[in-house]
Each structure stands twice: as structure tokens, then as C-alpha cells.
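Trainee: Please find one structure pasted underneath; my questions will follow.
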DNA sequence: GTTGAAAGCATCAGAAT
DNA sequence: ATTCTGATGCTTTCAAC
């Protein structure tokens with residue numbers, strides 16, 4: 001499905017999606033139109049999902065990152081659906097995963113500081129019905145963070 | 001530092017960075033040049049870090065996500081630096097955080113399937129020196145995943 | 001896959017607020 | 001400092017091969 005050129009193209013676009021097709025064509029040794037067609041195909045096949053600007057959390061006062069394990073009191077479908085619905089509504093939650101293990105969910109929370117985190121926990125997360133327990137871990141340092149998948 | 005228009009602009013660019021300045025100018029009620037100047041300023045101030053293509057993991061055979069807690073045997077600076085260095089080299093590790101709590105690090109791993117995960121653990125992660133213990137959690141379902149920070 | 005043309009866009013000067 | 005209008009050159013896009 002993806003040949004070597006597609007893979008190299010995706011690597012470049014995952015690093016910098018603002019490069020022109022001309023620059024990409026030069027890099028990959030194809031014509032501008034060939035690059036154009038390949039990108040269109042990758043978009044249509046939904047291999048490329050979207051193009052986004054990544055912003056610097058430290059520059060916008062959102063430097064505090066925490067992960068929370070969450071356990072529900074029960075695992076009935078109603079409770080699960082309701083919880084997941086509420087999670088999607090909360091802007092502070094960037095990611096939420098249903099995971100194996102002692103807890104049910106792992107969520108990634110982004111806020112301004114510890115105080116804002118406390119507020120989030122007290123006023124938002126624990127206000128969701130049917131949450132049994134939570135366990136928070138604070139990020140001391142972000143060692144690595146990439147959106148680029150190696151193919 | 002950021003006014004309301006900047007915030008709305010950043011929201012739009014975090015959702016879709018391929019929109020033309022014309023479309024953005026229409027959305028925000030400013031001229032194309034005003035949008036252009038604002039974006040350039042946000043780029044120069046490093047508020048916008050980069051533009052990337054996000055690719056669909058399910059379409060490229062990287063559908064297996066796991067989080068691993070990692071504990072080092074010691075916390076001497078040498079060990080920490082070495083571990084973090086190795087982590088940055090491993091393509092399967094998309095994210096790595098130094099965190100508070102029982103374990104030292106939380107890493108996010110992306111591979112093809114359980115078998116590939118086993119391989120990663122045996123041949124790569126646990127080959128790093130000074131790792132004391134690990135604890136893996138498998139992602140059953142990705143409930144939410146966004147790169148967009150709400151301002 | 002290619003070239004070449006058309007339309008649309010980013011970018012920049014210059015002037016206004 | 002931020003905005004606008006208008007001109008230029010580059011990019012994307014598409015038809016034809």
C-alpha cells in the first residue's frame with residue numbers, strides 16, 4: 001500500500017507540513033505534480049488525517065501536565081458511556097485511554113499550574129458521576145514528545 | 001500578549017493548519033494581510049512551534065499503543081542522562097515523561113501488535129542499562145486524543 | 001509518471017489609522 | 001503597533017500526454 005517514496009514523504013510531512021511541493025519534489029526526486037498526486041491520495045485514503053499547528057505550551061501558560069488513573073465504581077455500559085462523554089467535553093483533558101490493569105482509564109491533563117490542577121480535580125473530574133478513585137502523577141520533565149510515527 | 005483574535009486564530013490553526021489566510025481572514029473578519037502578520041508574529045514568538053501532518057495509526061499498521069512505567073535502579077545523574085538518551089533514540093517511544101510517584105518514568109509506546117510490543121520490551125527497552133523494573137498497561141480504546149490546547 | 005498553463009495564494013510595499 | 005489595498009512572484013492544481 002505504501003511504497004518507500006510514500007514513507008519518506010510522510011516522514012517529511014510529519015516533521016514539517018508547510019514545505020512546498022517543490023521542496024518535497026526536490027527532496028524525493030520526483031516532479032511537483034507527482035508529489036501533489038501522492039499527497040492527495042494519502043489524504044483521500046485517510047493515511048494523513050489532518051494538518052495542524054502545534055503550539056508551545058510554555059508560551060501559553062499551560063505548562064503543567066499530569067496523568068491521572070481513574071477507576072469507575074462499576075463497569076456497566078451506561079457508566080462507561082457517560083464517563084467517556086464527559087471526558088470529551090473537558091478541554092483540560094487532551095488524551096484519555098481505556099487501559100488494562102488496576103485502573104480503568106489513563107487521562108492526560110493540561111493546565112496552567114498546580115492550583116489550576118487542583119481546581120480541575122475538585123470541580124470537574126471528580127464531579128463526573130460514578131468515579132470510584134483517582135491517582136495522579138505529575139510530569140516533572142517532558143523527556144520526549146513527538147507526533148511522528150516511524151514507518 | 002495574546003488577544004482574543006490571536007486565540008481564535010490559534011484555535012483554527014490547531015484544528016486545520018492548511019486553511020488559507022483568505023479563509024481565516026473571512027472567519028475572523030480581518031484582511032488577509034492582517035492574518036498573515038499575526039501568524040508570522042506567532043511563529044516568531046514561538047507560540048506556534050511547528051506545522052505537522054497527523055497520520056492515522058490504524059492505516060499504517062501501528063495500532064497497538066501501550067504505556068509503560070519505568071523505574072531505574074539508581075537515580076544518579078549518569079543513569080538518568082543515559083536512559084533519556086536511549087529513549088530519544090527509540091522510534092517506538094513517542095512520548096516519555098519523568099513523573100512523580102512510585103515509578104520514575106511514563107513512556108508511550110506505539111507498535112504494530114502485541115508481538116511487536118513483546119519484541120520491543122525484550123530487545124530494546126529492557127536492554128537499556130540500569131532499568132530496575134517496568135510495568136506495562138495496554139490501551140484497549142482511545143477515548144480522546146487531541147493536540148489542540150484550549151486558550 | 002511527465003510538462004506546461006491557469007488560477008489562487010502568500011508575501012511585501014506603501015499608506016492610513 | 002496593527003491594519004488596509006494593491007502588485008508581484010510562487011504554489012497549487014489540472015489538462016494533456
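Residue numbers (this note's numbering), protein chains in the order written: chain A, 1 to 151; chain B, 1 to 151. Cβ atoms here follow ideal geometry from the backbone N, Cα and C, with glycine treated the same way. Every value quoted in this text rests on a predicted model; they were computed, and no experiment measured them.
1) Would you list, in sequence order, the uninterrupted alpha helix (DSSP H) runs of no fewer than 4 residues that lie entirely inside the stretch 64-110 of chain A?
2) Can you check whether the C-beta of residue 75 of chain B is within less than 8 Å of a C-beta belonging to chain A?
3) Going along the chain, which residues of the stretch 50-67 of chain B sit with their C-beta nearer than 8 Å to a C-beta in chain A?
4) Got a sec, what are the start and stop residues for the alpha helix (DSSP H) residue 32 of chain B sits in?
5) Decide yes or no for the touch test of the stretch 128-138 of chain A against the stretch 58-76 of chain A: beta carbon pairs closer than 8 Å, at least 3 of them.
6) Using beta carbons (cut-off 8 Å, strictly below), is residue 150 of chain A in contact with chain B?
7) Could you tell me the boundaries of the alpha helix (DSSP H) in which residue 116 of chain A lies?
8) Between the alpha carbons of residue 124 of chain A and residue 60 of chain A, how many angstroms are there, rounded?
9) Find the residues of chain B that neighbour residue 146 of chain A, judging by a C-beta separation of less than 8 Å, and give them in chain order.
10) Do you know offhand how far residue 78 of chain B's Cα is from residue 118 of chain B's?
11) Let's see if you can read the secondary structure: which residues bound the alpha helix (DSSP H) around residue 56 of chain B?
12) Below 7 Å between beta carbons is the criterion; list the residues of the stretch 118-136 of chain A that meet it against any residue of chain B, in chain order.
13) Ordered along the chain, which non-local residues of its own chain (more than five positions away) have a Cβ less than 7 Å from that of residue 120 of chain B?
14) With DSSP collapsed to three states, give me the class of residue 149 of chain A.
15) Using DSSP bridges, identify the partner residues of residue 141 of chain B.
16) In terms of residues, what are the limits of the alpha helix (DSSP H) holding residue 26 of chain B?
17) Flag residue 111 of chain A as yes if its beta-carbon sits less than 8 Å from any beta-carbon of chain B, otherwise no.
18) Is the stretch 37-50 of chain A in contact with the stretch 42-52 of chain B, if contact means three or more CB pairs nearer than 8 Å?
19) Apart from the five residues just before and just after residue 34 of chain A, which ones in its own chain have a Cβ nearer than 8 Å to its Cβ?
Mentor: According to the structure data:
1) 77-89
2) By 1-based counting over the second chain, the position of residue 75 of chain B is 75. No, no contact with chain A.
3) 50, 51, 52, 53, 54, 55, 56, 57, 59, 60, 62, 65, 67
4) Numbered from its first residue, the second chain carries residue 32 of chain B at position 32. Residue 32 of chain B -> alpha helix (DSSP H) spans 32-44.
5) Short answer: they touch.
6) Taking the first chain and counting its residues from 1, one reaches residue 150 of chain A at position 150. Residue 150 of chain A counts as touching chain B.
7) Taking the first chain and counting its residues from 1, the one referred to as residue 116 of chain A is at position 116. Here the alpha helix (DSSP H) through residue 116 of chain A covers 114-119.
8) Walking along the first chain from the start, residue 124 of chain A turns up at place 124. Walking along the first chain from the start, residue 60 of chain A turns up at place 60. Roughly 21 Å separates the two Cα atoms.
9) Your numbering for residue 146 of chain A matches position 146 in the first chain. Per Cβ cutoff of 8 Å: 94, 95.
10) Looking up residue 78 of chain B in the second chain gives position 78. Looking up residue 118 of chain B in the second chain gives position 118. Whole-angstrom Cα-Cα distance: 27 Å.
11) Translated into the one-based positions of the second chain, residue 56 of chain B becomes position 56. It is not in any alpha helix (DSSP H) - residue 56 of chain B carries neither H nor E in the DSSP assignment.
12) none
13) Here the question's residue 120 of chain B lines up with position 120 in the second chain. Cβ neighbours of residue 120 of chain B beyond the five flanking positions: 92, 109, 111.
14) Position 149 of the first chain, counted from the start, is the residue given in the question as residue 149 of chain A. Correct three-state label for residue 149 of chain A: coil.
15) Position 141 of the second chain holds residue 141 of chain B. Looking at the DSSP assignment, residue 141 of chain B forms a beta bridge with A:98.
16) Taking the first residue of the second chain as 1, we reach residue 26 of chain B at position 26. 21-28 is the extent of the alpha helix (DSSP H) around residue 26 of chain B.
17) Taking the first residue of the first chain as position 1, residue 111 of chain A is located at position 111. No, no contact with chain B.
18) no
19) Position 34 of the first chain, counted from the first residue, corresponds to residue 34 of chain A. Answer for residue 34 of chain A: 25, listed in chain order.
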